[in-house]
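Below: one structure, written as structure tokens.
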Amino acid sequence: MKFRLNPIVAVLAASPFYGFAADVPMLDEIVVTAPRSTLQHSSVVKLGETELAPMRSSTSDTASLLRDIPGVSLYGAGGVSSLPVIHGLADDRLRIKLDGMDLIASCPNHMNPVLSYIDPSSVETLKVYAGITPVSSGGDAIGGAIIVESRAPEFAAPGQAAITKGEAGVFYRSNNNARGANVSASYANQQFNISYSGATSQADNYTAGDDFKSYDFTGRVGHTLPRDEVGSTAYETRNHSIGLAFKNDAHMFEAKLGFQDMPFQLYPNQRMDMLNNEQNSLNLRYLGKLDWGSLDARAYHEKVDHFMDFGADKRFWYGNGVPPIGSGGPTAVDGSPCSPVSTTCAAGMPMYTDGKTTGFSVKADVTITAQDRLRVGGEIQQYRLDDWWPPSGAGMWPGTFWNIKDGERDRTALFGEWDARKRSNWMTLLGARVEQVKMNAGDVVGYNPANMMSFQARDAAAFNAQDRKKTDNNLDLTALARYTADANLDIEFGFAHKERSPNVYERYTWSTWQMAALMNNFVGDGNGYLGDIDLEPEKANKISATFDWHAADGAWTFKVTPHYTEVDDYIDAVQWNAATNLPATPLVTDKFSVLKYVNQSARLYGIDLSGQMPLAKTDWGAFALKGLLNYTKGTNRDTGDGLYNIMPLNAKIALTHHKGGWDNSAELVMVDAKDDISAMRNEIKTPGYGLVNLRGSYAWKQVRVDFGIENLFDKFYYLPTGGAYTGQGTTMTNPALPNYPQWGTAVPGMGRSIYAGLNVKF
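According to the working numbering, the sequence shown is numbered sequentially starting from 1.
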């Protein structure tokens, strides 16, 4: 089934919440306010409480709060760890900051991305740069930027009594029995603020709209899954934050302590599951308004302890002595039960990751004249990573496999940005950023260097013999202008040159052995990946424009944003032959494979349409239409192949209704078939689909109720960017066992789900 989208959809597009602000905030006399800037970008979207509140009850995945932003899509992952995509560029190609902290996913599968560390209930503002990204918003990225802020500290006004506030909420979603709660509280006087926020959520596996597999076993004796149940989609997570803030006139000092305890998050498109993730963070900030402008300084430290193994829906025992499913319990070749000390059976595949990130940043916003502002700053970031896999039996004896040992990635950056308004109808922004990235890693070793069949000794020796110290000097440039033609039209256009160095896993994963390579995969395509020490930084040149038609009073809007990007040294991948240690010929088709990261070149282009329009004001309330349409095309210029996981043409139209405390909407979501795929990665095609969602809410002064039905007609569909289904069964390759799931099944979307949430302020 395909949906061909009528151009009229473009006129019905959405997002009433547009605005721009620089990342250096100002202080007023009472409250720390949101950032503000001379230049108001048409292509930047900022979501505040009004836009975020209706979405919180329907999701525990903070990244999904971006779902109505033009140009943005999501890579499917765990239940609270989707990866945002802007114009076809995702994950480390984006700069994502949480309360000013520039954090890094410490996992070979990127199961703990930045946005997984904050619950949707704790997000106060969310800002997305989908067009030209200012250099002050961060470097080391070739896509856009996402800036997420939790609730800012509030102080009492002079003469005002102390402020005591609190909030509590609960939610439930029917399809996967998702449930959770959140609570926050704060106390503040004129100089001091203390606050706490906490949230917990958990869910079982979700079900699709219909059966999508021909088997039900999971690889564990006595444990099966219904054929419409999407295995390895359950999760449980808990987040806590404590904040202290002190204010003295126009100066504020703030400290935040964060803690995450995630007992498990299972993955339908990875061979492994997250079975524990603990994060501790300390975030210190000074923010001041001075005679010449403002100063924002920050220091932060994060420590992540991450553990992966096979979750409940994936086979646990492996090895030469383990019989096929259905022939009894796991036993060794001598008839004795398998155990953690067996030489022929493997008790899972434990994998540990220890990541540490320390960062410092300072930004000054200098007022030169009434029309000119200069923004300057610098950043330092130090990242350390260890990734090791203890032996668990069978061929994994006798030692520990070091995937990354003593990994280092240090960044130093300086930037300057000039924000000017020389004429009433022209605004410009010019910026430059220089950045140095230094990387290194220690010697590695496999489980069993004597095992010649898996090439562990060969690959480790070759890796250890190389010079692993790398230094990249990167440059970012931006030029942006906005012209106000009249009261109904603004035109914004610009150019950006962006550079990004490889991450630690892209450079330093070393084993061609299929089982080890399968553990290194950010994109959930079922393949294994091998790094390359000699990768060059990606270099992207982007041009973008936004044509913004609107009513003088904002009653209707219509925006068009075409964009075009060319990337030199784009980090793509080629299929690899472990035996010859050379590119594979001929290519493997219709099955999973091992690939090696390589520098090639890429082209991405497309268009975003969005807008809103009133329909009628009646005794029954005000009715309006809003919607959006996104199209992105990505091509490898060296091979002509499609780029992986590009969201196909998609659109959303919503009929909205507002009366008093009521806000309701009926949504139609349409996605075209995904036919343009990456043949190199054996990407799976998906058919087009349409979904209907109903949403409603009623708000009193201190109480809010949200409810709705997603996928009203229980439509079966596959997620175009959800990856390959590897969520149950013998997810690791083993010639002696039936290997399920086989290549060719995409991850299905969720069937019908009814949700409701209650939030109370006091």
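Glycine included, C-beta positions come from ideal geometry on N, C-alpha and C.
Since this is a predicted model, take the numbers as computed values, not measurements.
query                                                                                                                                                                                     : result
Below 9 angstroms between beta carbons: does that hold for T218 and Q728?                                                                                                                 : yes
Answer with buried or exposed for A466, where buried requires no fewer than 16 other C-beta atoms within 10 angstroms of its C-beta.                                                      : Reading off the sequence, residue 466 comes out as Gln, not Ala. The residue is exposed, with fewer than 16 neighbouring Cβ atoms inside 10 Å.
Helix, strand or coil: which one does DSSP assign to T557?                                                                                                                                : strand
Check whether the Cβ atoms of L126 and S82 sit closer than 9 angstroms, and answer yes or no.                                                                                             : no
Between the region 484-496 and the region 450-464, do at least 3 Cβ pairs fall closer than 8 angstroms?                                                                                   : no
Determine the DSSP secondary structure at Q371, reduced to helix, strand or coil.                                                                                                         : coil
In whole angstroms, what separates the C-alpha of V703 from that of V760?                                                                                                                 : 5 angstroms
Run through the DSSP bridge pairs and tell me what E229 is partnered with.                                                                                                                : T207
First and last residue of the alpha helix (DSSP H) that includes L52?                                                                                                                     : 49-52
What residues in its chain sit with their C-beta under 7 angstroms from that of D641, if we drop five residues either side in the sequence?                                               : S678, A679, M680
G131 and T546 - do their beta-carbons sit closer together than 9 angstroms?                                                                                                               : yes
Which of helix, strand or coil does DSSP assign to T745?                                                                                                                                  : coil
Quick one: complete beta strand (DSSP E) runs, 3+ long, within the region 590-647?                                                                                                        : 594-618, 621-636
Going by other Cβ atoms of all chains shown within 10 Å of its Cβ, with 16 needed for buried, is K652 buried or exposed?                                                                  : buried
Distance check for K659 and W620, CA to CA, integer angstroms please.                                                                                                                     : 7 angstroms
With 16 as the cutoff for other CB atoms within 10 Å, does N425 come out buried or exposed?                                                                                               : exposed
With distances taken from CA atoms, which of N189, K256, Y267, S281 is nearest K247?                                                                                                      : N189
Kindly list the residues whose CB is nearer than 6 angstroms to the CB of G749, restricted to its own chain and excluding five residues on each side of it in sequence; keep chain order. : Y717, L719
Identify which residue in V692, N112, G690 has its Cα closest to the Cα of N276.                                                                                                          : N112
Shortest alpha-carbon distance to C107 belongs to which of W388, P226, D296?                                                                                                              : W388
By Cβ distance below 8 angstroms, which residues in the same chain neighbour A441 in space, the five residues on each side in sequence not counted?                                       : I404, K405, D406, G407, E408, R468, V504, R507, Y508
Does the distance from the C-beta atom of T59 to that of P134 stay below 9 angstroms?                                                                                                     : no
When the Cα of V148 is compared with those of Y75, V376, T62, which residue comes out closest?                                                                                            : T62
Report the residue ranges of all alpha helix (DSSP H) runs contained in full by the region 47-103; include only those spanning at least 4 residues, in chain order.                       : 49-52
Can E379 and S361 be called in contact, C-beta distance under 9 angstroms?                                                                                                                : yes
Go through its chain and collect everything with a Cβ distance to I69's Cβ below 6 angstroms, but skip five positions before and after it.                                                : V45, V128
Beta carbon of D443, beta carbon of R375: below 9 angstroms?                                                                                                                              : no
Any chance the region 577-586 sits against the region 532-539, with 3 or more Cβ pairs inside 8 angstroms?                                                                                : no
What span of residues does the beta strand (DSSP E) with N182 cover, start to end?                                                                                                        : 178-188
Ignore the nearest five residues each way along the sequence and tell me which others in L518's own chain have a CB closer than 6 angstroms to its CB.                                    : R271, G528
Are the region 240-256 and the region 189-206 in contact at 8 angstroms, needing three or more beta carbon pairs?                                                                         : yes
Taking contact to mean 3 or more Cβ pairs, one atom from each stretch, closer than 8 angstroms, check whether the region 197-207 and the region 223-238 are in contact.                   : yes
Given Q456, which residues of its chain have a CB within under 7 angstroms of its CB, disregarding the five upstream and five downstream residues?                                        : G446, Y447, N448, P449, S511, W513
Put K470 into one of helix, strand or coil per three-state DSSP.                                                                                                                          : strand
Can you grab the Cα-Cα spacing for the pair W549 / G355, in whole Å?                                                                                                                      : 47 angstroms
Classify Q456 as helix, strand or coil using the three-state DSSP reduction.                                                                                                              : helix
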